[in-house]
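Participant: Chains as they are written, first to last, in the UniProt record's numbering: chain V, 1 to 712; chain A, 1 to 712. C-beta atoms are modelled at their ideal positions from N, C-alpha and C, and glycine is treated no differently. These numbers were taken from a predicted model, which means no experiment stands behind them. Take a look at the following structure, please.
Number of protein chains: 2
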Amino acid sequence: MSRSVIQKSLAGPQYDAWLGYLSGDYSRQGASIKAAPAWAERIYAIENHKVISTALGELTQGLEKLFGVKAKTVTAANQADEQALNAPGVWIGTWSENPFVAQAFSESERAAVQGEGYVIREDEEQGRLWVGAETPQGALYATFHLLRELVLDQGRSSETDPSAKKWSYITEQPRNALRMINQWDNVDGSIERGYAGESIFYENGEFTRDIGRIRDYARLLASTGINAISINNVNVHQRETLFLTERFLSDVARVASEFRDYGIRLFLSANYASPMEIGGLLTADPLDEQVREWWNIQTAKVYAAIPDFGGYLIKADSENRPGPFTYNRDHADGANMLAEALRPFGGLVIWRCFVYNCKQDWRDRSTDRARAAYDHFKPLDGRFADNVILQIKNGPMDFQVREAVSPLFGAMEKTNQVLEFQITQEYTGQQRHLCYLIPQWKVVLDFDTYAKGQGSEVKRIADGSLYNRPHSGFAAVSNIGADACWTGHPLAQANLYGYGRLAWNPELSSEEIADEWVRLTFGHDEEVVGQISGMLLNSLDIYENYTAPLGVGWMVNPDHHYGPNVDGYEYSKWGTYHFADCHGIGVDRTVKSGTGYALQYHRENAERYESVETCPDELLLFFHHVPYTHVLHSGKTVIQHIYDTHFLGAEQAEVLAETWRKLEGKVDPEIFEKVASRQEDQAEHAKEWRDMINTYFYRKSGIEDEQGRTIY
Amino acid sequence: MSRSVIQKSLAGPQYDAWLGYLSGDYSRQGASIKAAPAWAERIYAIENHKVISTALGELTQGLEKLFGVKAKTVTAANQADEQALNAPGVWIGTWSENPFVAQAFSESERAAVQGEGYVIREDEEQGRLWVGAETPQGALYATFHLLRELVLDQGRSSETDPSAKKWSYITEQPRNALRMINQWDNVDGSIERGYAGESIFYENGEFTRDIGRIRDYARLLASTGINAISINNVNVHQRETLFLTERFLSDVARVASEFRDYGIRLFLSANYASPMEIGGLLTADPLDEQVREWWNIQTAKVYAAIPDFGGYLIKADSENRPGPFTYNRDHADGANMLAEALRPFGGLVIWRCFVYNCKQDWRDRSTDRARAAYDHFKPLDGRFADNVILQIKNGPMDFQVREAVSPLFGAMEKTNQVLEFQITQEYTGQQRHLCYLIPQWKVVLDFDTYAKGQGSEVKRIADGSLYNRPHSGFAAVSNIGADACWTGHPLAQANLYGYGRLAWNPELSSEEIADEWVRLTFGHDEEVVGQISGMLLNSLDIYENYTAPLGVGWMVNPDHHYGPNVDGYEYSKWGTYHFADCHGIGVDRTVKSGTGYALQYHRENAERYESVETCPDELLLFFHHVPYTHVLHSGKTVIQHIYDTHFLGAEQAEVLAETWRKLEGKVDPEIFEKVASRQEDQAEHAKEWRDMINTYFYRKSGIEDEQGRTIY
């Protein structure tokens with residue numbers, strides 16, 4: 001089946017995701033669609049700018065889908081005159097290019113929204129709506145915001161709901177400058193840690209010819225506020241190294257153009273050894289003149305093809321990727337060399353901090369992988385060029401369902417940082433299990449590092465405000481693929497949506513985001529909204545319950561990371577252990593008797609984690625090795641906690657499946673079936689988790705379950 | 001590099017294996033080559049038969065390599081007259097086709113050797129040597145035997161060694177009728193469980209064009225007495241299913257012809273679903289008339305191409321292979337249908353008994369995989385056609401370093417059986433570790449089943465004598481590949497050699513076989529012979545010491561089965577467990593409290609295994625679950641035995657490497673380097689085994705090593 005045939009079958013609610021505008025048969029249930037506002041009959045968007053055109057197209061399409069009216073559009077400047085100003089309509093534009101819009105707002109209103117910010121004001125009596133911004137991107141974000149509010153409005157009773165017509169006056173400014181997506185797509189069409197089918201970017205070693213699908217992805221991303229994307233795997237294989245060359249550069253430019261229309265800058269993951277692999281040099285030493293020159297020239301070629309190219313995303317000296325260590329240079333040497341090549345064009349180097357030394361094998365107890373990023377990068381604070389950003393994973397290990405927050409946040413005041421999340425559910429059920437990740441991310445964002453005293457939350461480091469950094473923001477690994485619903489599990493769309501929303505505004509709550517996403521996707525039937533929101537909001541706790549307990553992590557099958565295997569990484573070189581024996585379990589990371597990792601935090605947190613008394617239960621085994629009989633703050637012993645949470649988690653997974661089944665007939669049948677099938681599987685798989693974990697620890701501890709339940 | 005170029009580089013001692021006839025520089029060390037016997041100047045082989053020609057060629061070549069003399073050959077009957085009989089020479093032939101040879105032996109001498117048997121007699125005074133047999137195959141085996149003895153003779157001092165000139169009078173008869181090799185080669189060029197490179201039979205979905213390599217393999221096999229080979233994997237994939245069709249049948253015939261010249265019959269593994277996959281039928285039901293007819297016709301086509309085709313080797317209803325169960329038929333129905341198709345041509349069905357039901361998962365404790373073959377096949381005794389043979393693995397599990405002997409031996413008096421060994425070292429170090437398997441096979445062969453009272457050893461079931469079965473013998477999975485030394489590890493050649501020798505004569509001892517092989521391969525330097533023989537003879541115990549203890553097996557990584565992983569199969573569906581908890585370890589297969597497997601043996605063995613008092617230590621955990629503090633017959637506790645054997649095994653592996661290093665300069669340098677490198681790796685890997693097993697059980701039991709050695 002050719003891609004174009006597939007493409008045709010991709011229309012519909014799954015594919016529309018949260019941009020269906022209640023146009024499906026099922027999403028209209030429970031909503032009494034109000035009459036179109038008077039201004040919806042005509043849209044004035046007179047600027048000659050691709051992103052303004054995009055905004056105009058989106059607004060026209062959205063209004064039509066929602067209200068069934070097709071607005072007239074005015075794009076010629078000579079048709080937008082004083083007379084037109086007296087008729088109903090939407091005016092959309094930027095201060096500098098659209099004097100009508102500029103005049104509609106006061107100077108202070110205009111000053112309040114810079115760059116990608118925007119302001120919307122309805123003039124209800126005149127039937128006019130003003131959408132203004134400093135940049136076309138701002139106008140586009142405003143458009144999506146307006147449409148979102150219009151959809152949400154259909155579920156509100158305007159008489160009683162104080163939030164009705166929230167869109168009448170909106171002023172917004174994104175909290176984070178960089179709001180990025182990382183694709184881990186390979187040019188062979190596979191995706192590393194992809195759980196939603198093959199890549200939409202590549203097939204069989206070439207760029208896809210289905211550019212429409214990429215455009216559809218761009219609009220999904222832009223609608224949530226994403227403004228940057230790297231389009232190839234951080235593990236850059238040989239063929240992808242060629243993306244910087246003539247062989248592929250026109251393909252890259254074509255893709256960049258699609259994203260540009262939606263205000264998204266394109267980045268490439270680059271291979272640090274490119275000067276050797278494609279440049280024919282004998283070294284990739286960052287201090288070598290020829291190497292520097294090679295990068296300067298090659299980068300100039302990239303910018304010739306893509307004038308607004310974002311820059312390079314680099315995974316160097318990590319998990320066998322090449323890097324500056326080969327030449328006895330450090331990460332700062334390595335990153336600054338690339339920064340020099342990019343600086344003339346305004347490009348950025350995004351340098352990943354996922355760097356750790358593998359042990360020779362598990363018998364080496366002298367290193368603690370959790371320490372690695374801090375130990376590697378903290379000493380380099382102040383050495384990185386201004387256009388270098390370090391990309392730091394939320395935790396010190398690797399996207400476990402529960403781990404501590406990376407102590408690198410708050411450790412480097414003179415270095416740009418972005419916070420990296422993983423939307424794709426590598427360790428959290430691989431989109432076969434439901435796991436709404438926003439609550440996990442909220443914990444990270446709200447974590448107080450105490451770097452500058454109380455109130456030094458991670459979100460203030462990520463947004464650059466704590467240290468007043470020029471560059472900062474969020475990055476995250478995408479969870480989409482060629483699947484008809486984009487994300488394999490239809491409900492996993494909520495993670496992509498939520499990531500974008502949080503990157504825009506980290507103050508949004510998990511509940512708000514869930515409610516938004518459900519209403520946009522499924523409509524306003526209150527049972528549907530309540531049940532699905534509930535499923536989302538409980539799902540992370542449920543997943544944690546039946547998997548690895550108390551923050552210890554890693555009890556998964558090696559390589560693919562799906563399904564339980566308590567000793568899967570226990571005798572490996574990866575530094576990811578639980579140290580369970582017949583007496584107890586956990587990793588001693590205290591200063592007193594362990595690896596000293598706890599000292600990487602500022603005092604308040606270091607002390608809290610150091611003591612078994614004050615360490616929070618959910619991270620106990622991340623920081624301490626304790627007997628199975630240790631009593632948690634909850635009052636339960638560790639072993640009984642393990643049994644109880646695993647029995648509970650498996651029951652809860654069953655309830656998720658049952659809850660979903662009640663929605664038959666209330667949601668789109670294709671989505672219903674797809675989710676129903678995944679929830680059945682999850683319920684079964686949760687039992688397997690429950691039994692394997694419980695049996696393992698029962699056999700190891702010899703301690704009976706207080707409630708005498710079945711342990712095999 | 002093309003195959004023909006590779007081929008050229010394959011000459012030399014590694015490639016010659018045990019057929020070098022002391023022709024290498026190194027293998028002559030320590031041997032004082034005696035003068036060629038007078039008869040070596042001329043060879044009379046006047047029969048017009050390919051196998052006789054092969055024998056003649058081998059003898060000529062062997063004598064030349066060994067003594068440096070090129071014998072004249074006489075193949076024209078009219079040159080072999082009474083006058084020639086008075087000159088020195090070798091006369092080789094069969095009773096029926098060579099009256100001169102027939103006349104040289106008495107009637108009783110001739111009667112004593114039938115079929116593949118032979119008799120050799122030297123007439124020292126006249127300088128004549130007579131080699132006679134009933135069949136050309138017998139004459140070929142005699143030739144290889146003669147050459148072997150001539151080589152061995154070079155290491156003997158004729159004055160003092162009573163075994164000198166053993167070749168002066170030899171009369172031999174193989175104990176087993178079928179002496180078969182199974183290739184697990186796939187037509188894509190890979191080999192399932194192959195550890196010596198790619199297939200020599202196939203490349204990229206086609207038969208190889210390097211027929212010379214196949215011929216070289218045929219001579220190696222024939223020299224040890226092998227007389228049958230199946231050339232494709234028992235897991236028959238789609239493309240190999242086509243071997244029965246015109247697409248590949250001429251290729252198969254070409255290969256069969258090479259083996260035929262060496263007296264080896266060719267078999268094919270067949271896909272039970274062939275009537276559907278290539279016949280276009282809607283069923284493969286063995287009782288369906290169309291299906292039977294399809295097999296009849298297809299088999300006739302095979303015989304038209306290969307008149308001496310051996311028959312079909314079948315893996316059915318096992319590990320997802322299709323079979324009669326799909327149609328509610330049993331194995332007898334399935335096998336007999338094929339037997340009917342083969343009977344007119346004298347062909348055989350070899351039906352593998354490696355059949356077991358996978359559990360849904362590890363939580364199902366109701367089935368014991370060890371019971372499976374007996375439970376499946378025992379009830380069918382007497383139902384199989386006369387030209388069906390059941391092929392039974394030596395143990396009930398799957399070629400572990402130590403397991404019980406399969407109770408199917410001695411359970412079916414009315415059924416033909418062959419004993420299956422695995423020469424390829426799947427679970428025994430994959431030819432990266434040295435593991436001479438002959439002692440393991442001897443234990444199996446000498447195991448007394450008590451099926452007809454004392455003296456009912458497995459070897460008497462395998463050879464058909466106990467129940468006077470028309471068909472019987474040995475089969476084994478080959479360990480060779482495209483590697484220059486055939487077997488990856490040069491010393492692993494001893495397993496292939498020893499298998500053939502044991503199949504011919506199961507009374508040979510491990511020591512005799514080792515001594516033969518070392519002398520044939522490396523020559524007669526006494527240090528070389530002593531050290532390498534010692535390495536071989538100790539290697540199985542050493543491997544067992546540092547791997548899974550006391551017969552429990554399976555502590556390996558899943559799928560590839562290399563390297564330690566105590567829980568690798570503990571939570572899997574494969575039915576291969578150790579059930580270790582904090583108190584003890586082992587699988588209870590007793591009648592009293594376990595799976596009842598022990599009752600599948602005849603009374604003497606059943607009682608011995610049933611009681612923890614009488615069960616031999618080395619199989620204790622195969623039959624019993626015992627506390628770590630259980631005291632073995634050795635006087636040690638189970639846990640201390642685990643620690644001690646693992647420390648010992650790792651030390652012994654180090655000694656193996658050291659021993660080999662002493663042989664530098666005494667063996668061929670390429671072989672030296674190859675073995676040295678493998679032994680270094682083994683020594684390192686043995687330490688990994690030691691530490692992982694010891695740590696696992698220390699953590700689980702909490703019991704200290706009495707000697708306080710390092711456990712991680």
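What residues in its chain sit with their C-beta under 6 Å from that of R209(A), if we drop five residues either side in the sequence?
Facilitator: Walking along the second sequence from the start, residue 209(A) turns up at place 209. If we look at R209(A) and ignore the five residues flanking it on each side, it has no Cβ neighbours.
Participant: To the nearest angstrom, how far is the alpha carbon of P136(A) from that of L648(A)?
Facilitator: Locating residue 136(A) in the second sequence gives position 136, counting from the first residue. Locating residue 648(A) in the second sequence gives position 648, counting from the first residue. Answer to the nearest angstrom: the Cα atoms are 50 Å apart.
Participant: Just the chain A side, please: which residues come within less than 9 Å of C435(V) by C-beta, in chain order?
Facilitator: Taking the first sequence and counting its residues from 1, one reaches residue 435(V) at position 435. Neighbours of C435(V) across chain A, judged by C-beta separation under 9 Å, do not exist; the nearest C-beta is about 22 Å away.
Participant: Taking the alpha helix (DSSP H) that M337(A) falls in, what are its first and last residues?
Facilitator: In the second sequence, counting from the first residue as 1, residue 337(A) sits at position 337. From DSSP, the alpha helix (DSSP H) with M337(A) extends over 331–342.
Participant: Can you pull the chain A neighbours of D361(V), defined as C-beta to C-beta under 8 Å?
Facilitator: For the purposes of this step, residue 361(V) is taken as the residue at position 361 of the first sequence. What D361(V) touches in chain A: E688.
Participant: Can you grab the Cα-Cα spacing for the pair S199(A) / R213(A), in whole Å?
Facilitator: For the purposes of this step, residue 199(A) is identified with residue 199 of the second sequence, where counting begins at 1. For the purposes of this step, residue 213(A) is identified with residue 213 of the second sequence, where counting begins at 1. CA-CA distance, S199(A) to R213(A), rounds to 11 Å.
Participant: Using the C-alpha atoms, what's the distance from I211(V) back to S4(V)?
Facilitator: By 1-based counting over the first sequence, the position of residue 4(V) is 4. By 1-based counting over the first sequence, the position of residue 211(V) is 211. Low local confidence applies: a pLDDT of 41 at S4(V) is under 50, so the model's placement there is unreliable, and no value is given.
Participant: I believe I43(A) touches A71(A) by the beta-carbon criterion, under 8 Å. Please report the beta-carbon distance rounded to the nearest angstrom.
Facilitator: Sequence index remark: in the second sequence, residue 43(A) carries index 43 (1-based). Sequence index remark: in the second sequence, residue 71(A) carries index 71 (1-based). Confirmed, about 5 Å.
Participant: Who are L178(V)'s beta bridge partners in DSSP?
Facilitator: Indexing the first sequence from 1 puts residue 178(V) at position 178. BP columns for L178(V) point to G473(V).
Participant: Is there a Cβ from chain V that is less than 8 Å from the Cβ of G702(A)?
Facilitator: Along the second sequence, one-based indexing puts residue 702(A) at 702. Yes - at least one Cβ of chain V is within 8 Å of the one on G702(A).
Participant: At a CB-CB cut-off below 7 Å, which residues of chain A make contact with H583(V)?
Facilitator: Looking up residue 583(V) in the first sequence gives position 583. Neighbours of H583(V) on chain A, chain order: G702.
Participant: Keeping to the same chain, check which residues put their C-beta closer than 7 Å to that of T54(V); ignore five residues upstream and five downstream.
Facilitator: Mapped onto the first sequence, residue 54(V) falls at position 54. Cβ neighbours of T54(V) beyond the five flanking positions: L140, D261, Y262.
Participant: Going along the chain, which unbroken runs of the beta strand (DSSP E) with 3 or more residues stay wholly within the stretch 52–80 of chain V?
Facilitator: 72–74
Participant: For V101(A), which residues of its own chain have a beta-carbon under 8 Å away from its beta-carbon, when the five flanking residues on both sides are left out?
Facilitator: Taking the second sequence and counting its residues from 1, the one referred to as residue 101(A) is at position 101. W91, I92, G93, T94, W95, W130, V131, G132, listed in sequence order.
Participant: Quick check on the burial criterion: 16 or more other C-beta atoms within 10 angstroms. Buried or exposed for D81(A)?
Facilitator: Walking along the second sequence from the start, residue 81(A) turns up at place 81. D81(A) is exposed by the Cβ-count criterion.
Participant: Please name the residue in A598(V), S157(V), D644(V), V655(V) whose C-alpha comes closest to that of E704(V).
Facilitator: Mapped onto the first sequence, residue 704(V) falls at position 704. Ranking the options by Cα distance to E704(V), first place goes to D644(V).
Participant: Thinking C-beta only, is E670(V) closer than 8 Å to Q29(V)?
Facilitator: Taking the first sequence and counting its residues from 1, one reaches residue 29(V) at position 29. Taking the first sequence and counting its residues from 1, one reaches residue 670(V) at position 670. No, they are not a contact pair.
Participant: For chain A, find out if any of its Cβ atoms is closer than 8 Å to the Cβ of Y25(V); answer yes or no.
Facilitator: Taking the first residue of the first sequence as 1, we reach residue 25(V) at position 25. Looking at the sequence provided, one finds Asp at residue 25(V) rather than Tyr. Cβ-Cβ to chain A under 8 Å: no for D25(V).
Participant: Going along the chain, which residues of its own chain have a beta-carbon closer than 6 Å to the beta-carbon of A339(V), five neighbours each way excluded?
Facilitator: Position 339 of the first sequence, counted from the first residue, corresponds to residue 339(V). Once the five neighbours on either side are set aside, the close Cβ partners of A339(V) are V349, A385, N387, V388.
Participant: In three-state DSSP terms, what is Y141(A)?
Facilitator: Looking up residue 141(A) in the second sequence gives position 141. Note: Y141(A) maps to helix in three-state DSSP.
Participant: I'd like to know whether the C-beta of R699(A) is nearer than 8 Å to at least one C-beta of chain V.
Facilitator: Here residue 699(A) refers to the residue found at position 699 when the second sequence is read from its first residue. It does; some Cβ of chain V falls within 8 Å.
Participant: Using a threshold of 7 Å, is the CB atom of Y497(V) nearer than that to any non-hydrogen atom of the ligand FMN?
Facilitator: For the ligand FMN, the structure offers nothing, since it holds no ligand at all.
Participant: What residues from chain A crowd round Y569(V), counting only those whose CB sits closer than 8 Å?
Facilitator: Position 569 of the first sequence, counted from the start, is the residue given in the question as residue 569(V). Within chain A, no residue has its CB atom less than 8 Å from the CB of Y569(V), the nearest being about 11 Å off.
Participant: In the DSSP assignment, find the beta strand (DSSP E) that holds G93(V) and state where it starts and stops.
Facilitator: Along the first sequence, read from residue 1 onward, the residue named residue 93(V) stands at position 93. G93(V) -> beta strand (DSSP E) spans 89–94.
Participant: Just the Cα atoms here: how many angstroms apart are S158(A) and L540(A)?
Facilitator: In the second sequence, residue 158(A) corresponds to position 158, counting from 1. In the second sequence, residue 540(A) corresponds to position 540, counting from 1. Near 34 Å, if we compare the C-alpha coordinates of L540(A) and S158(A).
Participant: Please state the DSSP three-state secondary structure of F447(V).
Facilitator: By 1-based counting over the first sequence, the position of residue 447(V) is 447. Note: F447(V) maps to coil in three-state DSSP.
Participant: Distance check for G429(A) and L621(A), CA to CA, integer angstroms please.
Facilitator: In the second sequence, counting from the first residue as 1, residue 621(A) sits at position 621. In the second sequence, counting from the first residue as 1, residue 429(A) sits at position 429. Using only the alpha carbons, I get a separation of about 21 Å.
Participant: State the DSSP-derived secondary structure class of T614(V), mapped to helix, strand or coil.
Facilitator: Residue numbering aside, residue 614(V) sits at position 614 when the first sequence is read from its first letter. Residue state, collapsed to three classes: coil.
Participant: With DSSP as the reference, label W130(V) as helix, strand or coil.
Facilitator: Here residue 130(V) refers to the residue found at position 130 when the first sequence is read from its first residue. Three-state DSSP puts W130(V) in a strand.
Participant: Between A676(A) and W660(A), is the Cβ-Cβ spacing less than 8 Å?
Facilitator: To locate residue 676(A), count along the second sequence from 1; it is residue 676. To locate residue 660(A), count along the second sequence from 1; it is residue 660. Going by C-beta atoms, A676(A) is nearer than 8 Å to W660(A).
Participant: Would you say E684(V) and G553(V) are within 8 Å of each other, going by their C-beta atoms?
Facilitator: Walking along the first sequence from the start, residue 684(V) turns up at place 684. Walking along the first sequence from the start, residue 553(V) turns up at place 553. No; because the gap between Cβ atoms is not below 8 Å, this pair is not in contact.
Participant: Using the rule of at least 16 other Cβ atoms within 10 Å of the residue's Cβ for burial, across every protein chain shown, is E516(A) buried or exposed?
Facilitator: Here the question's residue 516(A) lines up with position 516 in the second sequence. By the 10 Å Cβ count, E516(A) comes out buried.
Participant: Can you find the residues in the same chain that come closer than 7 Å, C-beta to C-beta, to E664(V), ignoring five residues on each side of it along the sequence?
Facilitator: The residue labelled residue 664(V) in the question sits at position 664 within the first sequence. F672.
Participant: Ignore the nearest five residues each way along the sequence and tell me which others in A248(V)'s own chain have a CB closer than 6 Å to its CB.
Facilitator: For this step, residue 248(V) is matched to residue 248 along the first sequence. Checking the sequence shown, residue 248(V) turns out to be Phe, not Ala. Excluding sequence neighbours, F248(V) sits near L242.
Participant: Alpha carbon to alpha carbon, what distance is there between A370(V) and F641(V)?
Facilitator: As a first step, residue 641(V) must be located in the first sequence, where it is residue number 641. As a first step, residue 370(V) must be located in the first sequence, where it is residue number 370. It is His, not Phe, that sits at residue 641(V) in the sequence shown. Straight-line Cα distance between these residues: approximately 25 Å.
Participant: DSSP three-state label for F579(A), please.
Facilitator: Residue 579(A) sits at position 579 when you count from the first residue of the second sequence. DSSP places F579(A) in coil when its eight states are reduced to three.
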